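Protein chains in written order, with the working numbering: chain Z, 1 to 200; chain V, 1 to 661; chain C, 1 to 114.
Glycine included, every Cβ here is placed at the ideal spot set by N, Cα and C.
Source: prediction; values computed, not measured.
Note sheet for the following structure.
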């Protein structure tokens, strides 16, 4: 009869941490969520291609720039998580500030883009294109904003002195997973919503 | 470790495990509500899966009666042709709310009650992976139930001339949802329905959040928190079904979440997702709804199958026949359930290829279902059958669910379905699987597990009468509906003209519904009698097979004094009757058991859903300042979640005395 | 990060430092691929070819971020299965839906005034 210690250290059985498994499951669910939004957009683009010509309105340069920014923020996030695992709080904080900064730039680009589009007459209720485009990219933007808010809270918490690297590493990793997911959703959106429209 | 079967008197000295503990201070500097002497505070801040399960169950049973009452009014209206008991609008509201209530407020939380109570016990754990999220799911469910039923209050005010709609839905005074539980576009646009639709949208979204968070919790719990030796293929089938259902929920709900958001945007911001004038396609709603809706019906039925898979082996004193194939079939049903959604849409002009594909896939789903039925029969074959209450209802499930399955397979043929769609035939089909299947299985589960939950044993033989009245009532109500459907009576019409040959069938159906209602009433009486029973249940009144029966009745707050080490499937049975090497072991817990702390934060966070949901819906009804109320709701949710994160998980240690188990 | 708490401090440092190079490389590749995509849409190649290349590049970026930044390649299979199930169901369902709602099945758009 073997005797094992029973600890509540956040993981058992398969030795995967509870919070990490939770976040991956949530992200799997979020795939369906964004899948619905993106496919609604694509369905309406396929049904009514002549309803709107986004090539006149989209600025691929701006969107490529914001895509690049988000990808780089993902890189910094990976470094932040890595720093946390190594217990290097200063490096962690620097990288998180970088992620927040880049995230805010991305959001700024989105806001600018939306404002520009609305000025040019593309509103939420402009046919199906306006509806699907704004809901899809808007939902993504809200996800980014929630992520930024989460990271800012984490930054403040790390500066309060209460944050211990080995206990909080899992929380930082979860935040990192969320942030990367938001990035890969944008990769999909950039290609199938923006780039595709420009193929001759 | 072996167990004795004496019924225990509750030992007062064992109860004092918790009495000497003082609550601690959280990371926020506030006192945690642990070990409260105040019963109300204790239940409101609980994170104990058993208490949460009981609360889900109590609320669900209440809503089962509400939904049943709504059905009785419907049936009474339909008793004779051209009846004027209720108006057409009221009728629409009743069938909408009956469906919504039964699915989201009765069956799903009844399933949740069983998941909550049983899963940690069955896997040998002390609680779920995230106890506070578990509490959050419960209170979010309460918030959603409130929001979705709030319209009744407004409707009553409207009937007395005290309230009319203005603003976005001016002129439309349907405050209770009236567009069917599936809310097809375009009737759900602001052109055709009033604030009732908004209450429905917001209520369902909140209920969706509750279901999603609970399911994520259960998946992590089942994968990560199993006792040593509890391999996946040693899990009780009920726990397997919980896992599959939870996966279904997290992958199916996003579709309806997005569809509801799109509908809300159409109604509030004038977008064109389903609005034909702007290029929208109402059929998209149907697709998105049923991409959710079909997995949803498997979400409803798989737990029932899990319950039956526990009850039949216990009362046949035989292991489940073909355990692995039963589990695998459940998984296949779940997975295939995502591939058949358009069988609800055969009459919408999908095209030949799509229709054929969905038809074939639907027929395919019958295969694993049939496999399960054969395995259940195989379990009974050659067993020592004991006809206690749980067994009676479980056998009733097998028979009645099969009948529902037969009409289902008839639907899977698209040409046949072209006549049956939107007729009473469909109503017959799903009520056979829902009442004959799901409800009977749930009643079986109640008879089986209530003694474990409350420590008291059932009294007398009322269960036989419950069974007779419900099964007879069910059949008298819904069997004639097959004929009504084939004779062409359409669904969702508040009355019908005489001369179609429908009159006598409808009268019979209505009489049957009252018989069924009486059966449910007897169940309520029996449950009350059990609560007042003086006879203690003891640990293992049924001589059962799975780990939950190794605990006291009701189980201690910490479930197991020492976490068991499992060496076989049906570990408790093996411990009682098996060879030495298959008995249960024990983990060394001498350093104490870690228990999660209680908390106010889940309730605070989910309380914010009420102003959010009501605010948005009332705003649509034209009530001023409601937009601010909605924003306030968001703020409360955000605040609750922030405080939740900041207070830290806490936790305390217990050193339970060794019980003579 | 693999989840055993039995790794020593030195092991943790070594693993993380090794991964640093993977992260940098991936970040550079991602930036380059984004640039390529931007240029690609303006090039005079057949649209089917550009479409295929774009999708492939996106898929590469997608998998790159998941595998390396999100550590899936370093982690237990169960996590890949958890996420993968969602992806497969989403991809399958919505591909089917796109085919179901293609042009001929749906009545033409009626825009008042046009």
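Here's the rule I'm using: 16 or more other beta-carbon atoms within 10 Å means buried, otherwise exposed. How should residue 214 of chain V be labelled? Under the 10 Å beta carbon count, residue 214 of chain V is surrounded by 16 or more other beta carbons and is classified as buried.
Candidates V/75, V/561, V/41, of which the one nearest residue 585 of chain V by Cα: That would be V/561, whose Cα lies nearest to the Cα of residue 585 of chain V.
Chain V partners of residue 32 of chain Z, CB-CB under 7 Å? Near residue 32 of chain Z (Cβ distances below 7 Å), the residues of chain V are 251, 254, 255.
Can you name, in chain order, every residue of its own chain whose Cβ lies under 8 Å from the Cβ of residue 36 of chain C, other than the five neighbours on each side? Correct list, in chain order: 57.
What in chain Z is Cβ-close to residue 61 of chain C, meaning under 7 Å? Those are 187, listed as they occur along chain Z.
For residue 194 of chain Z, the three-state DSSP class (helix, strand or coil): In the three-state scheme derived from DSSP, where H, G and I count as helix and E and B as strand, residue 194 of chain Z is classed as helix.
Where does residue 82 of chain V land, buried or exposed, given buried means 16+ other C-beta within 10 angstroms? Counting of Cβ neighbours within 10 angstroms places residue 82 of chain V among the exposed residues, the total staying below 16.
Interface residues of chain V facing residue 84 of chain C [CB-CB closer than 7 Å]: Those do not exist, as residue 84 of chain C stays about 12 Å from chain V at its closest Cβ, beyond 7 Å.
Contacting residues, own chain, Cβ-Cβ under 8 Å from residue 29 of chain C (five flanking each side not counted): Only 64 meet the Cβ criterion.
Between the CA atoms of residue 420 of chain V and residue 70 of chain C - distance to the nearest angstrom: If you take the alpha carbons of residue 70 of chain C and residue 420 of chain V, they lie about 50 Å apart.
Taking the alpha-carbon positions, what's the residue 71 of chain V to residue 623 of chain V distance? Approximately 31 Å between the Cα atoms of the pair.
Leaving out five residues on either side along the sequence, give the residues of the same chain with a beta carbon under 6 Å from the beta carbon of residue 376 of chain V. Closer than 6 Å at the Cβ level, and outside the excluded window around residue 376 of chain V, lie 312, 398.
Candidates V/592, V/384, V/294, V/350: which alpha carbon is nearest residue 671 of chain V's? A query on residue 671 of chain V cannot be resolved here, the shown segment of chain V reaching from 1 to 661 and no further.
I'd like the ranges of any alpha helix (DSSP H) spanning at least 4 consecutive residues and lying wholly in the stretch 65–142 of chain V. If we require 4 residues or more, the alpha helix (DSSP H) runs fully inside the stretch 65–142 of chain V come out as 88–100, 108–123.
Closest to residue 594 of chain V by CA distance: which of V/651, V/269, V/616, V/316 is it? With distances taken between Cα atoms, residue 594 of chain V lies closest to V/651.
Whose CA, out of Z/170, Z/198, Z/159, Z/183, lies closest to the CA of residue 91 of chain Z? By alpha-carbon distance to residue 91 of chain Z, the top candidate from Z/170, Z/198, Z/159, Z/183 is Z/159.
By the 10 Å Cβ neighbour count, where 16 or more other Cβ atoms means buried, how is residue 155 of chain V classified, buried or exposed? With 16 or more other Cβ atoms within 10 Å, it is buried.
Helix, strand or coil at residue 431 of chain V [DSSP, three-state]: Correct three-state label for residue 431 of chain V: helix.
Spatial distance of residue 617 of chain V from residue 47 of chain Z (CA atoms): Between residue 617 of chain V and residue 47 of chain Z, the C-alpha separation is close to 32 Å.
For residue 177 of chain Z, would you say it is in contact with chain C, using Cβ-to-Cβ distances shorter than 8 Å as the test? At a cut-off of 8 Å, the C-beta of residue 177 of chain Z has a neighbouring C-beta in chain C.
Would you report the Cα separation of residue 369 of chain V and residue 325 of chain V, rounded to the nearest angstrom? Each residue's alpha carbon lies about 11 Å from the other.
Residue 120 of chain Z, DSSP secondary structure in three states: Here residue 120 of chain Z sits in coil by DSSP.
So residue 48 of chain C contacts chain V; which residues on that side make the cut at Cβ distance below 8 Å? Within 8 Å of the CB of residue 48 of chain C, no CB atom of chain V is found; the nearest one sits about 23 Å away.
Just the chain C side, please: which residues come within less than 8 Å of residue 527 of chain V by C-beta, in chain order? One finds nothing in chain C with a Cβ atom closer than 8 Å to the Cβ of residue 527 of chain V; even the nearest lies about 38 Å away.
The beta strand (DSSP E) enclosing residue 140 of chain Z, as first and last residue numbers: Annotation for residue 140 of chain Z: no beta strand (DSSP E) segment contains it, though the alpha helix (DSSP H) segment containing it runs 127–159.
Helix or strand or just coil, what does DSSP make of residue 90 of chain Z? Note: residue 90 of chain Z maps to helix in three-state DSSP.
Relative to the alpha-carbon of residue 303 of chain V, which residue among V/134, V/282, V/232, V/333 has its alpha-carbon at the smallest distance? Looking at the Cα atoms, V/333 is the closest of the given residues.
If you compare alpha carbons, which of Z/120, Z/133, Z/94 is closest to residue 156 of chain Z? For residue 156 of chain Z, the closest of Z/120, Z/133, Z/94 by C-alpha to C-alpha distance is Z/94.
Check whether the Cβ atoms of residue 182 of chain Z and residue 144 of chain Z sit closer than 8 Å, and answer yes or no. Yes, the Cβ-Cβ distance between residue 182 of chain Z and residue 144 of chain Z is below 8 Å.
Going by DSSP, which residues form a beta bridge with residue 593 of chain V? Residue pairing by DSSP places residue 593 of chain V opposite V/654 in a beta bridge.
Can you look up residue 539 of chain V in the DSSP assignment and give me helix, strand or coil? Residue state, collapsed to three classes: coil.
Proximity below 8 Å, CB of residue 66 of chain V to CB of residue 239 of chain V: 8 Å or more divides the Cβ of residue 66 of chain V from the Cβ of residue 239 of chain V.
Less than 8 Å between the beta carbons of residue 400 of chain V and residue 471 of chain V, yes or no? The Cβ-Cβ distance between residue 400 of chain V and residue 471 of chain V falls below 8 Å.
Return the chain-ordered list of same chain residues with a C-beta closer than 8 Å to the C-beta of residue 565 of chain V, the five sequence neighbours on each side being excluded. Closer than 8 Å at the Cβ level, and outside the excluded window around residue 565 of chain V, lie 227, 228, 229, 584, 585, 586, 587.
Beta-carbon within less than 6 Å of residue 360 of chain V's beta-carbon, same chain only, minus the 5 sequence neighbours each way: which residues are those? Counting only Cβ-Cβ distances below 6 Å, and skipping sequence neighbours, we find nothing.
The stretch 121–134 of chain Z: which residues have C-beta closer than 7 Å to a C-beta of chain V, in chain order? Cβ contacts with chain V come from 124, 125, 127, 128, 131.
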